[in-house]
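Structure first, commentary second.
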Amino acid sequence: MEKGPFSVEWLAQSSRGGAREMPGESRPEGSPLQTPPSVPADSPREREAAERPGHGAVSVGAAPGRPRTKFSAAQLQELERSFREQRYIGAGEKRRLAAVLNLSQSQVKTWFQNRRMKFKRQTQDAR
Numbered sequence: 565m566e567k568g569p570f571s572v573e574w575l576a577q578s579s580r581g582g583a584r585e586m587p588g589e590s591r592p593e594g595s596p597l598q599t600p601p602s603v604p605a606d607s608p609r610e611r612e613a614a615e616r617p618g619h620g621a622v623s624v625g626a627a628p629g630r631p632r633t634k635f636s637a638a639q640l641q642e643l644e645r646s647f648r649e650q651r652y653i654g655a656g657e658k659r660r661l662a663a664v665l666n667l668s669q670s671q672v673k674t675w676f677q678n679r680r681m682k683f684k685r686q687t688q689d690a691r
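Here the sequence shown is numbered in this note's numbering, starting from 565 and rising by one per residue.
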């Protein structure tokens, strides 16, 4: 079945490294489309993630990027204590917590954002 120019199938195949011809171009009858190279099951990203302390392996179907951080009990205790004192973290406190807990400032910032959303859901559910 011939797929039209810029059909979903054509775009999906071309983004995976498959069909390299432009829509409207013809290829000789019987010439196969290029097949995408196979990706090894144990990719370098998965190996790096598994070696990093506090990080798990990349799950199947997960978006590319940093794997989920598994906070220790001590880190969670300190983050929760700080959250109880003030729901919005300032730059100085963010730097201090990041240094004390051996986390990046963006991890601390993201934890506070997620914790505020959890707090909001909990207070809405209590009504």
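Every residue gets a Cβ at the ideal spot worked out from N, C-alpha and C, and that includes glycine.
For clarity, every value in this text was computed on a predicted model and none was experimentally measured.
Each residue's CA atom was taken as its position, placing L661 and V672 some 7 Å apart. Here the C-alpha atom of G656 lies approximately 17 Å from the C-alpha atom of E644. In this structure, F635 sits away from R679, with a CB-CB distance that is not shorter than 8 Å. Linking G654 to F683 through their CA atoms gives a straight-line distance of about 19 Å. D689 and M681 have their C-alpha atoms some 12 Å from each other.
Around the Cβ of Q650, a 10 Å sphere holds fewer than 16 other Cβ atoms; the residue is exposed. About 14 Å separates the beta carbon of Q641 from that of L667, a gap too long to meet the 8 Å contact definition. Taking C-beta separations shorter than 7 Å and ignoring five residues to either side along the sequence, V572 has no partners in its chain.
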